[in-house]
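In what follows, a single structure is set out as structure tokens and then discussed.
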Amino acid sequence: MAKNNTYDASSITVLEGLEAVRKRPGMYIGSVSTKGLNHLIYEIVDNSVDEHLAGYCTEINVTLEKDGSATVTDNGRGIPIEMHEKGMSAERLVFTTLHAGGKFDNSAYKTSGGLHGVGSSVVNALSTQLTVRVKKNGFIHEDKYEQGNPVVDLVDGLLPTVGKTRETGTSINFLPDPTIFEKTRFKADEVKSRLHETAYLNPKLRIIFEDKRDEVTEHIEFHEPDGIVGFIKDMNKNKDVVHDIIYFSGEAEGIGVEVAFQYVNEFHENVLGFCNNIYNAEGGAHLTGFKTMFTTVINSYARELNILKDKDQNFTGPDIRNGMTAVISIKHPDPRFEGQTKTKLDNQDASKAVSKITGEEVTRYLDRNLDALKSIIACAEKAAKIRKTEEKAKTNMLTKQKFSFDSNGKLANCESRDANRCEIFIVEGDSAGGSAKTARNRAFQAILPIRGKILNVEKASIDKVLANAEIKTMINAFGCGFSEGFGNDFDITKLRYNKIIIMADADVDGAHIATLLLTLFYRFMPELIFEGHVYIAMPPLYKAIPNKGKEEEYLYDDLALERYRKKHKGGFTLQRYKGLGEMDAQQLWETTLDPETRMLKQVEIEDARLASDVTEMLMGTDVPPRKEFIHEHAVDAELDI
Ligand code: TTJ
């Protein structure tokens, strides 16, 4: 409880507010999985970014501490600490009032919207401990909270000081509450990738990341003075680019618009949308405005240049974006978000603004750069040609070899046709596939064995992808088609299995196969992931059989083994499972297939996006980084029970 006695009725409603956050944390941070956990860091960092946008902060430090806490420090003006009219220091209002969000100045752009910017009070409510240090007016002021409640006595209504300083800034240290979160280990890869994104979007900001949790401290500085141009440059590094990066910016309808794009010789598009520095996974109005106008402009150039003749149809939008890497970043005074994960920008004025500026600026640039224009149209022509061949091939495929549900290559289908109940396991290797077929409950579990490595879809053209036997079998089995640039034929309502479960060995090759499959789903069937249908099976690493008494136990990671060792001092025999193929049918059922006892990890869209980003690295000829990545992930792997 709060020790100080300056509390009045208003502070009681405050604490009730935070209690609501602790009761239903998902409502405020999306989930209590690792994703929600990492969100806590972003909530705090966003405040410092706001201070940067207001023109006062140039550096932000984010540190993952040894004790499992996180520290965010900036060199801004420092949160106001003086007495606020409600009889509390302003800083206390920020950390104990829902939606107060530290907006004491009139910074033009709120980062709040959707899941984001719900504020530092939410982080406070979900932390066992939170310490605030504010450097200003010559002193370091300190405040502390436990489970969201202040535990520091005010001195004449003011915060105590713990030292002197000439600097200004804010530092927050917080320890996530283990009774709220499923796991409390921040995922460094995700945090780094998000901080790097923030650096690209704020070219004058320096972000220093440190991970002190392992023996060797990791220290990385993110500073991207080239902004979103640098973002494009990095996404396209090691790729065959076909023209210089095109950049433009402008303002319309009170909305700031910045766009950078460049084409590469590949067969997919990668168009990312940001609003007020927040990534919009589901896109939205800004992307629609850009895409629609860009399609119009390129088609009209193609007609002007007589590349499209009178009788020819227009290029489709996806044709035109074939090979495009683009970042559309807007600043909106009052963003609203919709969609499954509340990451789809809903403001229609954003579409108008982006469309207007794209129309003007792209024309201005391409009028003067005919070579770039011709390269872009060449990409569209290539795509259109493949699309037409593909449309023909698809019609042939559908009419000639009518797909039969039961005789589809190696698929051992289940008996039930009730999609809600059905599961399909994608199993690496013929031998594991064979055991899984014996072990499964054929009433509702289907098994699809796949052989060895599957095709890396990032590197292949669409016709290659569709010619690949494993991929064809998967698309057929799932039943909902696929979506790629060339028209969207994906229909999630036709999905035949509620759960698609990737079953691969817990080793380097297994991780690689899972990555390739995630990349495939992410590119061609992203809704499967958005709507939570994709899972990864987590087979155990060991079986422990105690020397006397009690039953044997499956252990799913080394931590579990460590715990088991401590509990069973009497001795036990340990069986190590090297791979799925080594388990007999009964063991496979108990450990991996039986819904009552198995462990599954539900794949989130971030996992897939990350997988897609790293596929390049994994597939490259560079052996060292590959090893490193997989090692890191092997250590990181955590369990959803
Ligand atoms: C507000 O207007 C007066 C001067 O200070 C402005 C402000 O709030 N600055 C500010 C807040 N800088 N940094 C923060 C901040 C930093 C972190 C890490 C966390 C929070 C909640 C706020």
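The opening position of the sequence shown corresponds to residue 240 in this note's numbering, with each subsequent residue numbered one higher. Backbone N, C-alpha and C fix where the C-beta goes; we use that ideal spot for every residue, glycine too. In this text, all values refer to a predicted model and were calculated from it rather than measured experimentally.
Do residue j and residue i count as a contact pair if the criterion is CB distance below 8 Å?
| i | j | result |
| --- | --- | --- |
| Val288 | Asn509 | no |
| Lys422 | Thr580 | no |
| Asp382 | Leu397 | no |
| Ala589 | Gly528 | yes |
| Ile689 | Ala675 | no |
| Leu434 | Val566 | no |
| Glu667 | Gly749 | yes |
| Ile569 | Gly495 | yes |
| Gly294 | Thr409 | no |
| Ile844 | Phe769 | yes |
| Met742 | Ala716 | no |
| Tyr774 | Leu839 | yes |
May I ask you to report which of helix, strand or coil DSSP gives residue i?
| i | result |
| --- | --- |
| Gly265 | helix |
| Met532 | helix |
| Asp558 | helix |
| Met742 | strand |
| Ser346 | Residue placement at Ser346 is poorly supported in this model, since its pLDDT is 42, which falls under 50; the coordinates are not used for a value here. |
| Glu492 | coil |
| Val391 | coil |
| Asn412 | strand |
| Ile419 | coil |
| Phe448 | strand |
| Arg372 | strand |
| Ala623 | helix |
| Ala259 | helix |
| Ala799 | helix |
| Thr297 | coil |
| Lys649 | coil |
| Pro765 | helix |
Shorter than 7 Å, the distance from the beta carbon of residue i to the closest heavy atom of the ligand TTJ, or not?
| i | result |
| --- | --- |
| Ile411 | yes |
| Cys514 | no |
| Ile752 | no |
| Pro389 | no |
| Asn286 | yes |
| Val361 | no |
| Gly294 | no |
| Ile447 | no |
| Val333 | yes |
| Pro319 | yes |
| Gly578 | no |
| Asp382 | no |
| Glu304 | no |
| Arg433 | no |
| Val301 | no |
| Arg372 | no |
| Glu290 | yes |
| Val260 | no |
| Gly315 | yes |
Assuming residue i contacts residue j (C-beta within less than 8 Å), just tell me the rounded distance between them.
| i | j | result |
| --- | --- | --- |
| Phe378 | Ser360 | Actually they do not touch by this definition, with Cβ atoms about 24 Å apart. |
| Ala364 | Val260 | 4 Å |
| Ile446 | Phe461 | 4 Å |
| Phe500 | Ile537 | Phe500 to Ile537, Cβ: 12 Å. No contact. |
| Leu369 | Phe413 | 4 Å |
| Ile283 | Ile411 | 5 Å |
| Glu505 | Lys478 | 7 Å |
| Tyr502 | Ile596 | With a Cβ gap of about 20 Å, Tyr502 and Ile596 do not count as contacting. |
Count the other CB atoms, across all protein chains shown, that sit within 10 Å of the CB of residue i; report buried if there are 16 or more and exposed otherwise.
| i | result |
| --- | --- |
| Val394 | exposed |
| His458 | exposed |
| Ser328 | buried |
| Met266 | exposed |
| Leu544 | exposed |
| Leu857 | Bear in mind that a pLDDT of 43 at Leu857, under 50, signals an unreliable position, so the number given afterwards is only what the model happens to contain. It is buried - the Cβ of Leu857 has at least 16 other Cβ atoms within 10 Å. |
| Ser539 | exposed |
| Gln825 | exposed |
| Val601 | buried |
| Ala745 | buried |
Examine chain C for any beta-carbon lying closer than 8 Å to the beta-carbon of residue i, and answer yes or no.
| i | result |
| --- | --- |
| Lys274 | In summary, chain C is missing from the structure at hand, where a single protein chain is found. |
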